[in-house]
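Novice: Numbering (my numbering), first residue to last: 350 to 417. For each residue, glycine too, the CB sits at the ideal point set by N, CA and C. All values derive from a computational prediction rather than experimental measurement. This structure is in structure tokens; I'll ask about it shortly.
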């Protein structure tokens with residue numbers, strides 16, 4: 350009792366809540382521990398990139414470019 354959206358948090362852990370039974374035989378409330386949330390890690394890859402400067406002078410505006 351006191352849960353929202355069939356889930357409850359107790360002592361820093363989340364539990365799914367389900368109900369079974371009826372008024373005649375009684376009710377059973379079950380709290381099933383949920384796995385902790387793991388943040389998604391975005392996929393990454395290494396790609397070789399070549400930057401060509403087409404300038405009127407031979408001097409590049411920067412020495413290095415980093416792409417994330």
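Does DSSP classify residue 357 as helix, strand or coil?
Specialist: Counting from one through the chain shown, the residue named residue 357 turns up at place 8. Note: residue 357 maps to strand in three-state DSSP.
Novice: Do you know offhand how far residue 380's Cα is from residue 390's?
Specialist: Taking the chain shown and counting its residues from 1, the one referred to as residue 380 is at position 31. Taking the chain shown and counting its residues from 1, the one referred to as residue 390 is at position 41. Their Cα atoms are separated by approximately 29 Å.
Novice: DSSP three-state call for residue 325: helix, strand or coil?
Specialist: With the chain covering only 350 through 417, there is no way to say anything about residue 325.
Novice: In whole angstroms, give me the CA-to-CA distance for residue 369 and residue 357.
Specialist: Your numbering for residue 369 matches position 20 in the chain shown. Your numbering for residue 357 matches position 8 in the chain shown. When rounded, the distance between both Cα atoms is 17 Å.
Novice: For residue 375, which residues in the same chain have their Cβ closer than 7 Å to its Cβ, ignoring the five residues on either side in sequence?
Specialist: The sequence position of residue 375 within the chain shown is 26, counting from 1. Same-chain partners within the cutoff: there are none.
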